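Residue numbers (UniProt numbering): 1 to 164.
Here is the structure we will look at, set down as structure tokens.
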Amino acid sequence: MTSPSFRYLRNDEELGWSGFDAYFDYLAGIRERLGEALYAFAADSDRYGLHARGSLHDAWLQRLALAPADACAQRPRMGLELDLLGPWHDRVLCLRYDEVSAYSFVQPPRDGDAAQDLLCHELRLDPTGECLEHFLQFDDGLCILVACRSMRFEEKMLEPPAQQ
């Protein structure tokens, strides 16, 4: 597993996030390996946008779970699940990682218990091309890197609060 950082995307304090053209070109080059559903998720510019309702930018980390996919198996494969509350709080963005081979969570000491906003994320292949890597960076310094054989994305719409 490579070091927990971005390979294609960059954050400049004055210019904001950049490198998306090269990143989307890279994703197009590995489209077959990703499969149609994962490619559609990863290559959708709205998933990185500052104002899109389905963006992961500004989504809040709600849940992180690591557990064997089948606890009864002789050599259980690990699964990792991340749930993010969408930036408009109208949906939950569910990231599911299957056959997890490695993961890294780096969390500097937190000041208070404010929500953890996702700044940006990057999906790529590891240097061997065998595993997917998904890197996520949050506003409080939390960095998550997951290496896995496959990944799924699901979007669950939330019911609006009842009118009084």
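Note that the Cβ used here is the ideal one computed from N, Cα and C, for glycine as well.
For clarity, every value in this text was computed on a predicted model and none was experimentally measured.
Between D140 and the set A67, L119 and R7, the nearest pair of CA atoms involves L119. For the beta strand (DSSP E) assignment, the uninterrupted runs of no fewer than 3 residues enclosed by the segment 91-133 are, from N- to C-terminal side, 91-106 and 118-125.
Looking at the backbone, the Cα of R53 and that of A42 are separated by about 16 Å. With fewer than 16 neighbouring CB atoms inside 10 Å of its own CB, C72 falls in the exposed class.
For M157, the closest alpha carbon among the candidates V106, C131, L93 and S45 is that of L93. Judged by DSSP secondary structure, F6 falls outside any alpha helix (DSSP H); it is assigned neither H nor E.
Using a Cβ distance threshold of 8 Å, Q107 and L142 count as a contacting pair. By the criterion of a C-beta distance shorter than 6 Å, N11 is surrounded in its chain by W17, once the five residues flanking it on both sides are discounted.
Sequence-distant partners of D70 (beyond 5 residues in either direction) whose C-beta falls short of 8 Å from its own C-beta, in its chain, are P76 and R77. Counting the other Cβ atoms within 10 Å of the Cβ of E154 gives fewer than 16, which makes it exposed. Only buried fits A147, as 16 or more other CB atoms lie within 10 angstroms of its CB.
The C-beta separation of F135 from L145 comes to about 5 Å, placing the pair in contact by the 8 Å criterion. Going by beta carbons, W60 and D117 fall inside the 8 Å limit.
Each of Q74, R31, P87 and G129 was checked against the Cα of D58, and the nearest Cα belongs to P87.
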